[in-house]
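Numbering (full-length UniProt numbering), first residue to last: 1 to 354.
We treat Cβ as the ideally placed atom computed from N, Cα and C, and that holds for glycine.
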């Protein structure tokens, strides 16, 4: 289907307040759409039917789901539009800044008392959209970040979400899997890249925690050395993790539960960090740092992604979500600046709509 007809179909469905999801895999030029034919809010706790999963941060075994069985599935070969990626200037809000810095300082105090090794702090930034257009959003989002998993999800009961996430939660092909540890952030520049002790320690912490959690569902684990990975305007430290599942009967739900929430979006130890986040962040993450992705072959093939570099759009307001991992070596002002840098991923998409 050509792009014009594709976007017209999506726009009409959206105006009728009917559910749909669009997505493209990293380094691919095909956008796949599942256009749900009813307004039912489906849920799945088995992840064994073909469709698209959308799970919250506070995942407890059940996720929202758009099933292929109740959807029209269409694809569009998409030629990415070239546009200038200039930083979008937005005014700093002093209240937001000092609230976030206070949160980071509180986390550091907890780490100093050895209650945790790492806790991820996050916040949301609200921006008015004067010229919102789903056509513009689709074109810019799917053009801007070819190395990311890009998506737009809409259901009237969950809202309109979109993002360009660089982080795989788990990719399954029969009894083999791939995942990653992603931590450490710096802006992309033409200069030679160097990583400090804080970022290297954080990356190792994330890698160790993920591999430990995977041991109960795997029979073989292979871990790469960390390397620099570019995600849009940002650089991260990345470690590839792959292996073989212990049993073909290991369900996708069990695998997701074993790795979610990862230390890259929650902390170490997981239980303490998650409770701290819920009690102290000051807002509900809902689907930010949850996970999402397509399921094929009745759960034998799937790509589940961590819901990062994302936003929710409602009533012509964009709520952009950003965060960062706090460890003993964190500096509160640097952590604030890191979230400012991360805002740019979605700001580049929104630029003509602000």
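- Spanning the alpha carbons of residue 79 and residue 29 requires a straight line of approximately 7 angstroms.
- Only exposed fits residue 38, as fewer than 16 other CB atoms lie within 10 angstroms of its CB.
- Cα atoms of residue 22 and residue 45: separation of roughly 22 angstroms, rounded to the nearest angstrom.
- Within the same chain, and ignoring the five residues on either side of residue 131 in sequence, the residues whose Cβ sits closer than 6 angstroms to its Cβ are 353.
- Residue 330 and residue 114 have their C-alpha atoms spaced approximately 15 angstroms apart.
- In the structure shown, residue 38 falls within a coil segment according to DSSP collapsed to helix, strand and coil.
- Taking a contact to require three or more Cβ pairs closer than 8 angstroms, the region 57 to 68 and the region 95 to 107 do not qualify as touching.
- Pairing residue 309 with residue 189 gives a Cβ-Cβ distance that is not under 8 angstroms.
- Here residue 178 is bridged, per DSSP, to 171 and 242.
- Pairing residue 316 with residue 123, the inter-Cα distance amounts to about 19 angstroms.
- Within the region 109 to 156, the complete beta strand (DSSP E) runs of at least 3 residues fall at 118 to 128 and 149 to 155.
- Here the alpha carbons of residue 235 and residue 343 stand approximately 14 angstroms from one another.
- Out of 43, 7 and 69, the CA that lies nearest to the CA of residue 50 is found in 69.
- Secondary structure at residue 236: strand, using DSSP grouped into helix, strand and coil.
- Cβ contact annotation for residue 228 (same chain, cutoff 8 angstroms, sequence separation greater than five): 193, 195, 235, 236, 237 and 238, in chain order.
- CA-to-CA, the gap between residue 304 and residue 297 works out to about 14 angstroms.
- Taking a C-beta distance under 8 angstroms as the contact criterion, residue 1 and residue 81 do not qualify as a contact pair.
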